[in-house]
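Taking it in order: structure first as structure tokens, then the write-up.
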Amino acid sequence: MLNIDNIICKNDENFNAFISFCMKNVRFFSFFIANTKYSTHPNERIEMLEIYTDSFNQDQCSKINRLPTLSQGLPNNYIYRENGVEFGLVQIRYPEHIELLHRWMNMPHVIPQWQLNKSLSELSVYFEKMLADDHQRLYLVSINGEWVGYAEVYEGARDRLSGYYTADKNDLGWHLLLAEAQAVGKGYLRAIMRLLSFFIFEHSPAKKIVGEPDASVKPYEVVAQELNYMPQYQIVMPEKTAMLYFCDKEGFYCKFAHYLNASIKE
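Going by the numbering used here, the sequence shown wraps up at 278, each residue one higher than the last.
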């Protein structure tokens, strides 16, 4: 047991600094309270402090901790229409979306690629960290207003991927999970790739989108070059052998600008 007399008393000049440290380090403070025996000195008794019990505050984290990074400049919502179908992106909200993400991550067809088939509490910890990371933004993907998947938009130069290629400071990339049955194998992949590509190019200075899907994911390989995502070379990462892809903005718009114009008119 820690003896509080040997650490700090209310008349100690370091008391305020200690309290400030405790409030910023809740886990330490909880341990401190649980392992402290209180002073018996009548004039030096420390009062019990309240423990911070509020849940993770996503907005507070965004306002206080995040720098004005490339990915944080992306909008919270985006709508793209193609052939009468509405595709959308909405930023992940924690904790309200965590149960949906937990269900998706534990689906049999999702587990092999994402390897996030964790308990709800473990996944909550994972997404708290992901949401506090200012080099990326997390989104739900919708088709005609129904949530069908999950996407991450990340900064290539600040991602571990930059260890495998020479990154430009404005490079952005994305990861995509299609979970619901109405989205998997129904011909929506091309449209959703255009959704993500237009979203990035229209709302950032990126001239190139990067990608590193597992080289064994054949659906991506089939449509990638058709959508101007050109293979560069394979990279061996700890969890997978990936194919590095680049999609340059100029080439993409040469092929697909008419899709964006049609979406705006719908």
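By construction, the Cβ of each residue, glycine as well, lies at the ideal position given by its N, Cα and C atoms.
Q | Proximity of GLU98 and TYR92 at Cβ, strictly below 9 Å | A | yes
Q: Could you pull the start and end residues of the beta strand (DSSP E) that TYR82 belongs to?
A: Note that residue 82 is Leu in the sequence shown, not Tyr. Premise fails: LEU82 is in no beta strand (DSSP E) and is neither H nor E.
Q.
Can you look up MET119 in the DSSP assignment and give me helix, strand or coil?
A. coil
Q: Classify GLN244 as helix, strand or coil using the three-state DSSP reduction.
A: strand
Q.
Quick check on PRO131: does DSSP put it in helix, strand or coil?
A. According to the sequence provided, residue 131 is Ser. The question's Pro does not apply to it. In the structure shown, SER131 sits in coil (DSSP, three-state: anything other than H, G, I, E or B).
Q. Alpha carbon to alpha carbon, what distance is there between GLU262 and LYS252?
A. 30 Å
Q: Could you check if TYR241 is buried or exposed, using at least 16 other CB atoms within 10 Å of its CB as the buried criterion?
A: buried
Q: Return the bridge partner residues of ASP260 from the DSSP annotation.
A: LYS220
Q: Could you pull out every residue in the same chain whose Cβ sits closer than 8 Å to the Cβ of GLY161, ignoring the five residues on either side in sequence?
A: TRP116, LEU152, VAL153, LEU188, LEU189, LEU190, ALA191, GLU192, ALA195 and ILE204
Q: Tell me whether TYR232 sits in a helix, a strand or coil according to DSSP, three-state version.
A: helix
**Q.** Option in SER228, MET249, PRO225 and LEU201 with minimal Cα separation from GLU94
**A.** LEU201
Q) Under a three-way DSSP split, which group does GLY197 fall into? A) coil
Q: Take GLN127 as the anchor and find which of GLY175, ASP226 and HIS215 has the nearest alpha-carbon.
A: ASP226
Q. So who's on the other strand from ARG93, going by DSSP bridges?
A. GLU98
Q: Any chance you could list the beta strand (DSSP E) runs of at least 3 consecutive residues sitting entirely within the region 138 to 214, in chain order?
A: 148 to 155, 158 to 167 and 184 to 190
Q. Under the rule that 16 or more other beta-carbon atoms within 10 Å means buried, what is GLU111, buried or exposed?
A. exposed
Q: Could you say which of GLN84, ASN273, LEU135 and VAL234 lies nearest to GLY199 if we only look at CA atoms?
A: VAL234
Q) Contact between the region 136 to 144 and the region 170 to 190: three or more CB pairs below 8 Å? A) no
Q | PHE211 vs LEU101 beta-carbon contact at 9 Å | A | yes
Q. In the structure shown, what three-state DSSP assignment does ALA227 receive?
A. coil
Q | Collapsed DSSP secondary structure at PHE40 in the structure displayed | A | Unreliable placement is indicated for PHE40, whose pLDDT of 49 sits below 50; no coordinate value is reported for it.
Q. Is it buried or exposed for LEU113, if we count other Cβ within 10 angstroms and need 16 for buried?
A. buried
Q | Buried or exposed (CB count within 10 angstroms, at least 16 for buried), GLN148 | A | buried
Q: Provide the residue(s) that pair with ALA254 in DSSP beta bridges, ordered along the chain.
A: ASP226 and ILE247
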